[in-house]
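Student: Taken in order, the sequence shown gives residues 1 to 730; the numbers are from the UniProt record's numbering.
Pasting a structure below so you can have a look.
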Amino acid sequence: MQKFYKATLCLAYQSFGVVYGDLSSSPLYVYKSTFSGRLRLHEEDDEILGVLSLVFWTLTLIPLCKYIIFVLGADDNGEGGTFALYSLLCRRAKLGLLSAPDASDDDISAYNSGLPRKETVASSILKEFFDKYHSSRIVLLLLVLLGTSMVIGDGILTPSMSVLSAVNGIRIKAPSLHENYTVFIAGVILVGLFALQHFGTRNVGYLFAPILLAWLFCISVIGVYNTIYWNPHVVSALSPYYVYNFFKKAGKDGWSSLGGIVLCITGAEAMFADLGHFSQLSIRIAFTVIVYPCLVLAYMGEAAYLSKHKEDLQKSFYKAIPEVVFWPVFIIATLATMVGSQAIISGTFSVISQCRALKCFPRVKVVHTSNHIHGQIYIPEVNWILMVLCLAVLVGYRDTDTIGNAYGLAVITVMLVTTCLMFLVIVMVWKRNILGALAFVIVFGSVELFYFSACLAKVHKGGWFPLVLSLILLSTMCIWHYGTLKKQAYELNNRVCLDMLLSMGTNLGINRVPGIGLIYSNVATGVPPMFAHFVTNFPAFHRILVFVTVQSLTVPKVPANQRFVISRIGPPEFCLFQCVVRYGYKDQRNDTHDFENHLIETVSEFLRNGNNDGEAFRWETTNQQQSSPSDDVTASSFENVVSTESSKKTVRFRGVGCSKELEDLREARESGLAYMMGSTCVLACDTSSYLKKFAINIVYGFLRQNCRHPAIALGVPHTSLIEVGMVYRV
């Protein structure tokens with residue numbers, strides 16, 4: 001028990017440098033953004049205390065109540081974020097569209113250990129609705145991708161907003177300094193931040209937690225000092241009466257100012273998105289014990305200062321810092337914004353990696369920067385694109401108020417998506433009473449919609465940027481996913497029956513050459529059209545053939561002992577095998593050498609335990625460890641092959657004496673290993689609509705030409721690669 005508490009406290013300490021950078025740096029710009037519009041005409045104590053009351057209750061309702069109490073409990077086997085919620089719905093409620101049609105994760109024991117709850121009336125009605133109307137599943141996927149695109153937009157706006165807000169503190173001590181200089185300094189910091197990304201979070205971020213703790217300590221102590229020194233009565237603003245009084249006095253101008261107040265919860269989504277690196281308890285302890293009270297004290301102290309210095313509304317944060325500690329706090333503030341930016345950049349890499357794994361984003365290079373923590377990754381192409389867009393936002397807007405309008409809209413949209421998905425999770429996954437789910441949506445959704453409406457009203461003042469960006473990203477992800485589905489559908493519809501191919505063998509004079517051939521395709525059963533095209537033009541292939549299909553499942557990770565699914569194609573003398581390799585959306589793909597070794601070992605183990613009767617069956621490697629009941633494969637997969645009394649018993653095979661096949665496998669491995677992949681050109685049919693031709697021929701074609709080649713993405717060595725050209729008319 002002592003070790004558990006020690007490990008939890010250690011994780012809570014580490015979470016400060018990864019999770020809370022964005023949320024903790026929000027005091028830099030909340031009051032400035034809130035009083036940047038027409039609310040500056042209401043510079044009275046009632047308005048200032050009303051803003052403080054709104055900030056307090058927003059922090060209490062959204063991060064504390066919604067995320068800490070409810071949303072963190074909706075983890076997907078320890079993973080969090082928008083895709084984790086969608087993964088739960090895909091697996092438990094069967095609402096998914098992202099897995100391949102023949103990809104199943106039902107037999108992955110790690111994700112099916114919980115006892116199924118009894119269906120409720122509401123869950124049955126919702127499930128029937130999604131089953132009846134296929135378009136509702138498409139809308140659900142679009143909602144998830146919208147939230148994902150807004151998270152990526154957040155990754156562009158956060159560094160620009162945070163760093164520029166911190167650097168603007170220089171102008172407090174040098175009022176004559178032109179804004180071009182502060183923009184230039186912020187730009188240099190951003191370039192340096194993105195240039196350091198290839199070292200990985202583990203190498204450049206070992207000081208992050210102490211920096212955030214020092215920052216939180218500074219703003220909380222200064223907040224207490226300002227409250228006591230300037231106006232102790234601001235404590236009364238914690239009463240919700242001041243919220244009512246605020247809207248009574250400010251009216252429509254008060255509603256318009258909500259676009260600035262919402263910035264106090266920027267980064268709250270990171271508590272859920274980064275859950276996979278920590279634990280629920282550690283994040284809850286860090287927020288409730290340290291982050292939440294420190295932020296409340298900081299906002300309270302700033303309000304106390306503003307109540308006596310209303311002329312400083314546009315530069316209140318730095319003005320409220322006592323003269324003697326100004327420069328140390330300024331330095332810590334700059335470092336804290338870099339920490340917050342680092343966290344959201346890493347989060348953007350993670351989200352894009354998940355989209356790529358589920359075939360919703362073009363292939364990009366993913367570099368794992370840590371051997372110990374899988375989530376620490378670096379994507380070169382995305383990193384430099386983010387840097388260019390951050391600099392464009394910085395130079396184009398040059399003002400934190402305008403950036404804040406865009407920033408707030410991106411943040412609140414992600415939270416609304418999470419609220420909608422949580423409703424489905426509560427009803428269809430947790431099987432709770434629908435009244436509880438409706439209460440969740442009404443309480444939190446109404447607050448978020450209130451803020452969302454205020455942010456939408458500022459579209460013409462900078463809020464258009466995340467909308468345009470999300471539209472571009474959403475269109476890109478949808479077209480890529482649509483084109484990939486059409487390509488896979490063509491291969492499935494045009495796959496060749498093995499008997500037909502073998503009957504052609506005598507007429508074509510097919511020869512078998514020494515070695516092992518790995519045939520990559522999206523076809524999990526049968527022969528892909530690419531291979532049939534190759535054989536009819538070049539009638540020869542390797543002595544041992546393994547048809548490899550890589551499938552991405554809507555689970556975070558697939559256990560290593562359940563990754564490979566091997567089956568035999570045809571009689572043993574043909575030496576043809578089918579291998580399905582399954583990955584979760586957070587799994588690290590093995591390098592080529594490890595993959596080859598694992599595949600050959602799996603086939604060898606399959607032969608040692610397999611049969612010689614010529615009937616195909618499926619077998620899962622257990623790494624030569626004794627099988628446990630949870631690891632067993634359902635006996636129905638082995639009809640006519642496996643003798644068993646119960647699906648929970650260990651699977652036993654009848655076949656023995658495969659020494660000849662094992663020897664052939666060893667000799668083929670020594671002869672060499674070759675990879676075969678299709679080099680396809682995907683085009684829309686001549687009879688297709690102009691919209692489909694534009695999406696497939698132009699957009700999808702452009703993305704395929706400019707993204708990473710499939711062979712490079714899979715780590716296939718170029719010297720061992722055979723590419724077969726084909727044109728797919730979809």
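Beta carbons: idealized from backbone N, C-alpha and C, even for Gly.
Taking the C-alpha atoms as reference points, what is the distance between G251 and Q280?
Tutor: Rounded to the nearest angstrom, the two C-alpha atoms are 40 Å apart.
Student: Quick one: measure Cβ to Cβ for S220 and C294, integer angstroms, because I've assumed they're closer than 8 Å.
Tutor: With a Cβ gap of about 4 Å, S220 and C294 count as contacting.
Student: So Y20 and G276 are supposed to be a Cβ contact under 8 Å. How far apart are they, rounded?
Tutor: That belief does not hold up - the Cβ atoms of Y20 and G276 are roughly 16 Å apart, past 8 Å.
Student: Whose C-alpha, out of T554, A560, L518, is nearest the C-alpha of C579?
Tutor: Considering only alpha carbons, the answer is L518.
Student: I need the DSSP call for E128, collapsed to helix, strand or coil.
Tutor: Here E128 sits in helix by DSSP.
Student: The alpha helix (DSSP H) that contains Q562, what's its start and end?
Tutor: Unbroken run through Q562: none, as it is neither H nor E.
Student: Just the C-alpha distance for Y229 and S239, rounded to the nearest angstrom, thanks.
Tutor: So the alpha carbons of these two residues sit roughly 21 Å apart.
Student: Determine the closest residue to Y585 out of F16, C90, I69, with distance taken between C-alpha atoms.
Tutor: Closest by alpha carbon: C90.
Student: Going by the beta-carbon positions, is the gap between V262 and Y451 smaller than 8 Å?
Tutor: Closer than 8 Å, so yes.
Student: Buried or exposed, going by whether 16 or more other CB atoms sit within 10 Å of the CB of R666?
Tutor: With fewer than 16 Cβ atoms within 10 Å of its Cβ, R666 is classed as exposed.
Student: What are the start and end residues of each continuous beta strand (DSSP E) run of 3 or more residues lying completely inside the segment 568 to 610, in chain order?
Tutor: Counting whole runs of 3 or more residues, the segment 568 to 610 contains the beta strand (DSSP E) stretches 576 to 583.
Student: Quick check: what's the CA-CA separation for D46 versus L126?
Tutor: Straight-line Cα distance between these residues: approximately 46 Å.
Student: Please work out which residues of its chain come closer than 8 Å, Cβ to Cβ, to I62, disregarding the five sequence neighbours upstream and downstream, and give them in chain order.
Tutor: Excluding positions up to five away in sequence, the list reads I265, A268, M415, F444, V447, E448.
Student: Is the distance from the Cβ of F16 to the Cβ of A270 below 8 Å?
Tutor: No, the pair does not count as a contact, with Cβ atoms beyond the cut-off.
Student: Between the Cα of L335 and the Cα atoms of K32, V167, D75, Q551, which residue gives the shortest distance?
Tutor: Ranking K32, V167, D75, Q551 by Cα distance to L335 puts V167 first.
Student: Smallest Cα separation from Y728: which of S689, F702, I285, S679?
Tutor: Checked all of S689, F702, I285, S679; the closest Cα to Y728 is S679.
Student: Please determine if the segment 449 to 468 and the segment 397 to 415 are in contact, where contact requires at least 3 C-beta pairs separated by less than 8 Å.
Tutor: These segments touch.
Student: Using only alpha-carbon positions, find the residue among K692, M300, E179 that is nearest to Y31.
Tutor: For Y31, the nearest C-alpha among the options comes from M300.
Student: Less than 8 Å separating the beta-carbons of S256 and R38?
Tutor: Cβ distance < 8 Å, so S256 and R38 count as in contact.
Student: According to DSSP, is I265 helix, strand or coil?
Tutor: Reduced to three states, the DSSP call for I265 is helix.
Student: State the Cα-Cα distance for the pair F361 and P175, rounded to the nearest angstrom.
Tutor: Those two C-alpha atoms are separated by around 46 Å.
Student: Report yes or no: do three or more beta-carbon pairs, one from the segment 529 to 541 and one from the segment 52 to 72, lie closer than 8 Å?
Tutor: Because the criterion of three Cβ pairs below 8 Å is not met, the segment 529 to 541 and the segment 52 to 72 do not touch.
Student: Taking the alpha carbon of L469 as the reference point, which residue from T148, F194, V523 has its own alpha carbon closest?
Tutor: Cα-wise, what sits closest to L469 is T148.
Student: If we ignore side chains and look at the alpha-carbon of each, how far apart do A674 and E381 end up?
Tutor: Roughly 29 Å separates the two Cα atoms.
Student: Which value, in whole angstroms, describes the spacing of the CA atoms of D399 and A524?
Tutor: When rounded, the distance between both Cα atoms is 54 Å.
Student: Just the C-alpha distance for Y482 and S36, rounded to the nearest angstrom, thanks.
Tutor: Those two C-alpha atoms are separated by around 43 Å.
Student: Quick one: grab the DSSP three-state call for N245.
Tutor: Residue state, collapsed to three classes: helix.
Student: Sort G701, S165, P328, I138 by Cα distance to P27 and report the nearest one.
Tutor: Comparing Cα positions, the closest option is S165.
Student: What does a CB cutoff of less than 7 Å around L115 pick up in its chain, not counting 5 residues either side in sequence?
Tutor: Legend: pLDDT at L115 = 49, less than 50; position of this residue unreliable, value from coordinates given subsequently. Excluding residues within five positions, none has a Cβ falling inside 7 Å.
Student: Would you tell me roughly how many angstroms separate the C-alpha atoms of Q354 and F83, rounded to the nearest one?
Tutor: Roughly 8 Å separates the two Cα atoms.
Student: So does the segment 424 to 439 actually touch the segment 187 to 198, counting three or more Cβ pairs closer than 8 Å?
Tutor: Verdict: no, contact absent.
Student: Taking residue 738 and I345 to be in contact with their CB atoms under 8 Å, please state how far apart those CB atoms are, rounded to whole angstroms.
Tutor: Nothing can be reported for residue 738, as the shown portion of the chain is limited to 1 through 730.
Student: Tell me the DSSP secondary structure of F65 in three-state form.
Tutor: Before going on, a small fix: residue 65 reads as Cys here, not Phe. If DSSP states are grouped into helix, strand and coil, C65 belongs with the helices.
Student: CB-CB under 7 Å to F423, same chain, minus the five flanking residues each way: which ones, in chain order?
Tutor: For F423, where only same-chain residues beyond five positions count, the Cβ hits under 7 Å are A437, F440, V441.
Student: Checking 8 Å against the spacing of the C-beta atoms, do S33 and G223 come in under that value?
Tutor: In this structure, G223 does not lie closer than 8 Å to S33 by Cβ.
Student: Would you mind sorting W384 into buried or exposed? The rule is 16 or more other CB atoms within 10 Å of its CB.
Tutor: By the neighbour-count rule (16 or more Cβ atoms within 10 Å), W384 is not buried but exposed.
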